[in-house]
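Undergrad:
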Amino acid sequence: MMMKRARTKGAAALLAMTLAAPSPAWAEEQSAGQEKVASEGQTSPPGPETQITVTATRTPTPVNQLGQSVTIVTAEEMEAQGARSLLQVLETVPGLNVVRTGPFGGAATVFVRGGESDFNLVLIDGVPINQAGGGFDFGDITTANVERLEIVRGPASVLYGADAASSVINILTRQGEGRPSGRFSFEGGSHDSYLFRGNLAGGSRRVHYSLGAHWSKTDGFYDFNNHYDRAELSADTVFDLTGSSSLSAHLRYLDSEYAFPTDFTGALVDPNDYRSTEETHYSVAYQSQLSRIYGTRLQYGYHRRLFQNFTLRDGVDDFFDSTFRADEERSFLDWQNNLRVGDHHLLTAGLSYEREKADGPALLRRGLGVYVQEQFELRDRLFLTGGVRYEDNDRFESFVSGKLSVGFRLTPEWRLRGSFGNGFRAPSFVEILGFPEFGIVGNPNLQPEKNVATDLGADYRSSDGLWGFSTTLFVNRFSDLIEFSFLVPPGSSNYLNLEKAESQGLELEGFWNWGAPLRLGGHYTFLDTEVTDAGSVPGGNFEVGRPLLRRPRHQAALFAQYSKRRYQLRIDFKFKGRREDIQFFPDFSSNRVTLDSYWKTDFGVTLPLMGFSDSRGDLALVLRGENLLGRRYTEVAGFESPGRTLFAGLEVAF
737 MMMKRARTKG
747 AAALLAMTLA
757 APSPAWAEEQ
767 SAGQEKVASE
777 GQTSPPGPET
787 QITVTATRTP
797 TPVNQLGQSV
807 TIVTAEEMEA
817 QGARSLLQVL
827 ETVPGLNVVR
837 TGPFGGAATV
847 FVRGGESDFN
857 LVLIDGVPIN
867 QAGGGFDFGD
877 ITTANVERLE
887 IVRGPASVLY
897 GADAASSVIN
907 ILTRQGEGRP
917 SGRFSFEGGS
927 HDSYLFRGNL
937 AGGSRRVHYS
947 LGAHWSKTDG
957 FYDFNNHYDR
967 AELSADTVFD
977 LTGSSSLSAH
987 LRYLDSEYAF
997 PTDFTGALVD
1007 PNDYRSTEET
1017 HYSVAYQSQL
1027 SRIYGTRLQY
1037 GYHRRLFQNF
1047 TLRDGVDDFF
1057 DSTFRADEER
1067 SFLDWQNNLR
1077 VGDHHLLTAG
1087 LSYEREKADG
1097 PALLRRGLGV
1107 YVQEQFELRD
1117 RLFLTGGVRY
1127 EDNDRFESFV
1137 SGKLSVGFRL
1147 TPEWRLRGSF
1157 GNGFRAPSFV
1167 EILGFPEFGI
1177 VGNPNLQPEK
1187 NVATDLGADY
1197 RSSDGLWGFS
1207 TTLFVNRFSD
1217 LIEFSFLVPP
1227 GSSNYLNLEK
1237 AESQGLELEG
1247 FWNWGAPLRL
1257 GGHYTFLDTE
1267 VTDAGSVPGG
1277 NFEVGRPLLR
1287 RPRHQAALFA
1297 QYSKRRYQLR
1307 IDFKFKGRRE
1317 DIQFFPDFSS
1327 NRVTLDSYWK
1337 TDFGVTLPLM
1347 GFSDSRGDLA
1357 LVLRGENLLG
1367 RRYTEVAGFE
1377 SPGRTLFAGL
1387 EVAF
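Taking the numbering used here, the leading residue of the sequence shown gets 737, the next gets one more, and so forth.
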């Protein structure tokens, strides 16, 4: 069933100060790699030869030295797409299936390679921001002040612990350099929608800063009770203490209110239900390169999510007032150490501590993780990465996760890669505590959900860098999946570790630079899922022999992008195949249905109107839109999805 979501008024002040900078040698390497990507991004899609990731191994590592599947989306690419929300960006990543419940503001989830929607660990600058148990609503978060996204597909619990069972999605904040620069825009469009966004960044030899803001409102496409207001602020400051040490701080604040007229079946019945969400995230990090071979990094992070759902008596669908309130906090502390041994070995070891707390109903749990990773390189051809982690939590049994990956450069154009590892998701607070006031009993003895995964891939990039492709085969085996059931003896828990499932598939990607300013590319994902054990719960979400819900067998995307100086034109064609779902009815019965396949067309255009005297800035016309052809489609059974939405505005850059 769909849980109604509602509104929490939040007022927040944003203050940020960060200190970090000419850090260790590996940070300088990362910065150089990013600058190279940014400079080449206007004429060619960044490929494995130019991309540096910090998420896959916790140290800046060229993507072409990894055995894992990694996608990096830069700020320039997001701007070209006209992406204002994280969802729009994730739709363009292979292996990811984005699902939104209804209009803008509706709850949004992501399924990666067939995994559950709560199998994805979401980080901001390396700090977890998921709810306890892995849940995350992607519907609110924007691209404000985001420098790039790094998506690692496959389990990553070996480095990040709980909830990284299918992927890690790391949102990295912009860091300023040089004289102040910025971009401010105002847009209006369909459904009486308005949007303001802006960012300011700069820095000196010692201090670097960036600020970002996003404010938007829309009346939605339903006839009544469908407004969605959202505000997000972000700040980052970096301070160089010495030539080899730095201190940094990051802050992000989000406040949203979403009114929805739908009940759990998708029917338009409620004139006054609404939800509010307020999220605060900040982190502080110190890092130092103490010698040529040893560096250390200490980071503290805090995240709070206050969610409220308001149901008002109306005599139509609700006969009394009620409020659901969930207030969760997470404190995170990580100490990472990097030791370079000779010319071929990089050893990473560290400790992580997490404290998760919920109010109403109250619960507190603590976890300690110890991790070790070794990166080995031989003659710039063979790259091996292996690691192990021990996780001890006071609410479930200890867990050991590991991963081994290999990358091999066959020729200058060809490379082979593969990885094998496991990951886990911790039980959520709701699954542990239940809702006693509604007769739903939690289960304090639940064990983590598990995934064991393998993938094999090959990448080709032409010697001139003008075209390339990659292919990846993957296999996942999920076990101890948690199912909810009413069919239990009175007083027994409604949450049980019962199900097993599997997924396997193929990911294909390709690009072609057709002339300097024109880029073409796309990807295709084939996914086969099957429930292999439903335990003793009949008629639930898991049925033996049937595919997992909301996972399409076929998914694809194509894009064409023209970029020349400040002129930008990009069009994306996105396809999602047929998939099974559950349709609910007012009498609380349900039926398994098949959702139709569909194509969706999105675009973004930036056209400079006039330049400023210093030649660095200009005034530009911005046009963008989603579902340009107005296709009717359904992401969640019973819930209508947005039709054609068009926006136009002006942007000032300097």
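Note that the Cβ used here is the ideal one computed from N, Cα and C, for glycine as well.
Buried or exposed: where does Lys1336 fall if 16 or more other Cβ atoms within 10 Å of its Cβ makes it buried?
TA: Lys1336 comes out buried.
Undergrad: What number of angstroms, rounded off, separates the C-alpha of Phe1046 from the C-alpha of Phe1000?
TA: Near 15 Å, if we compare the C-alpha coordinates of Phe1000 and Phe1046.
Undergrad: Give the C-beta separation of Asn833 and Arg1287 to the nearest angstrom, bearing in mind that I take them to be a contact with Cβ-Cβ under 8 Å.
TA: So it is a contact: roughly 6 Å between Cβ atoms.
Undergrad: For a test of the three-state rule: what should DSSP assign to Leu1182, helix, strand or coil?
TA: Here Leu1182 sits in coil by DSSP.
Undergrad: Who pairs with Ile907 in a beta bridge, going by DSSP?
TA: Answer is Ile860 and Leu885, bridged to Ile907.
Undergrad: At a cut-off of 7 Å, would you count Asn1129 as near the ligand SAH, judging by its Cβ distance to the nearest heavy atom?
TA: No copy of the ligand SAH occurs in the structure displayed, which carries no ligand at all.
Undergrad: Using 8 Å as the Cβ pair cut-off and three pairs as the minimum, do the stretch 1099–1111 and the stretch 1125–1132 touch?
TA: The stretch 1099–1111 vs the stretch 1125–1132: in contact.
Undergrad: State buried or exposed for Pro1378, treating a residue as buried only when at least 16 other CB atoms are found within 10 Å of its CB.
TA: Pro1378 comes out buried.
Undergrad: For Arg1315, list the residues DSSP reports as bridge partners.
TA: Looking at the DSSP assignment, Arg1315 forms a beta bridge with Leu1331.
Undergrad: Going by the CB atoms, is the gap between Gly948 and Ala900 shorter than 8 Å?
TA: No. Outside cutoff.
Undergrad: With distances taken from CA atoms, which of His944, Ala1003 and Glu968 is nearest Ala985?
TA: When each option's Cα is compared against that of Ala985, the closest is His944.
Undergrad: Look at Ala1162 and Phe1210 and say whether their C-beta atoms are less than 8 Å apart.
TA: Contact: no.
Undergrad: DSSP three-state call for Phe1165: helix, strand or coil?
TA: It is helical.
Undergrad: Tell me which same chain residues have a C-beta within less than 6 Å of the C-beta of Gly1002, skipping the five on either side of it?
TA: Contacts found: Gly1374 and Phe1375.
Undergrad: To the nearest angstrom, how far is it from the Cα of Pro781 to the Cα of Tyr930?
TA: A caution first: Pro781 carries a pLDDT of 45, below 50, which makes its placement in the model unreliable, though a value can still be read off. Approximately 31 Å, taken between the alpha carbons.
Undergrad: Compare the beta carbon distance of Ser1155 and Gly850 with 8 Å and say whether it is the shorter of the two.
TA: No, these two residues do not count as a Cβ contact at 8 Å.
Undergrad: Check whether the stretch 1282–1296 and the stretch 1305–1317 touch, using three or more Cβ-Cβ pairs below 8 Å as the test.
TA: Flag = yes, the stretch 1282–1296 and the stretch 1305–1317 touch.
Undergrad: Mind checking Tyr994: buried by the 16 CB within 10 Å criterion, or exposed?
TA: Buried, because 16 or more other Cβ atoms sit within 10 Å of the Cβ of Tyr994.
Undergrad: Going by alpha carbons, who is nearest to Leu1382 out of Arg941, Glu923 and Gly890?
TA: For Leu1382, the nearest C-alpha among the options comes from Glu923.
Undergrad: I need the DSSP call for Val1211, collapsed to helix, strand or coil.
TA: DSSP places Val1211 in strand when its eight states are reduced to three.
Undergrad: If you draw a straight line from the alpha carbon of Arg915 to that of Ala819, how long is it in whole angstroms?
TA: The straight-line gap from Cα to Cα measures roughly 26 Å.
Undergrad: Return helix, strand or coil for Val894, following the three-state DSSP convention.
TA: DSSP places Val894 in helix when its eight states are reduced to three.
Undergrad: Strictly by DSSP, which residues pair up with Glu1238?
TA: Its beta-bridge partners are Arg1213 and Glu1266.
Undergrad: Give the secondary structure of Ala843 by DSSP, where H, G and I count as helix, E and B as strand, and everything else as coil.
TA: In the structure shown, Ala843 sits in coil (DSSP, three-state: anything other than H, G, I, E or B).
Undergrad: Taking the C-alpha atoms as reference points, what is the distance between Leu1217 and Gly938?
TA: If I take the Cα positions, the gap works out to 47 Å.
Undergrad: Could you give the DSSP three-state label for Glu913: helix, strand or coil?
TA: Coil.
Undergrad: Pull up the DSSP beta-bridge partners for Arg1125, would you.
TA: DSSP output for Arg1125 lists Tyr1107 and Ser1137 as bridge partner(s).
Undergrad: So, does the stretch 949–969 touch the stretch 858–866, judging by three or more C-beta pairs under 8 Å?
TA: As far as the Cβ criterion goes, the stretch 949–969 does not touch the stretch 858–866, which means the pair count is below three.
Undergrad: Which one of Asp1269, Ser1229 and Arg1368 has the shortest CA to CA distance from Glu1235?
TA: With distances taken between Cα atoms, Glu1235 lies closest to Asp1269.
Undergrad: Do Ala1237 and Glu1266 come within 8 Å of each other at the CB atom, strictly closer than that value?
TA: Yes, Cβ-Cβ distance for Glu1266 and Ala1237 is below 8 Å.
Undergrad: How is Val829 classed by DSSP in three states: helix, strand or coil?
TA: Val829: coil per DSSP, three-state reduction.
Undergrad: Over the uninterrupted beta strand (DSSP E) stretch that includes Glu1065, give me the two end residues.
TA: It spans Ser1058 to Val1077 - the beta strand (DSSP E) in which Glu1065 sits, taken as one unbroken run.
Undergrad: Tell me where the beta strand (DSSP E) around Glu1014 begins and ends.
TA: Looking at the DSSP string, the run of the beta strand (DSSP E) that includes Glu1014 is Tyr1010 to Gln1025.
Undergrad: Using a 10 Å radius around the Cβ and a threshold of 16 neighbouring Cβ atoms, would you call His1080 buried or exposed?
TA: It counts as exposed.
Undergrad: Among Ser1058, Glu1064, Arg1061 and Leu1087, whose alpha-carbon lies nearest the alpha-carbon of Trp1071?
TA: Comparing Cα positions, the closest option is Leu1087.
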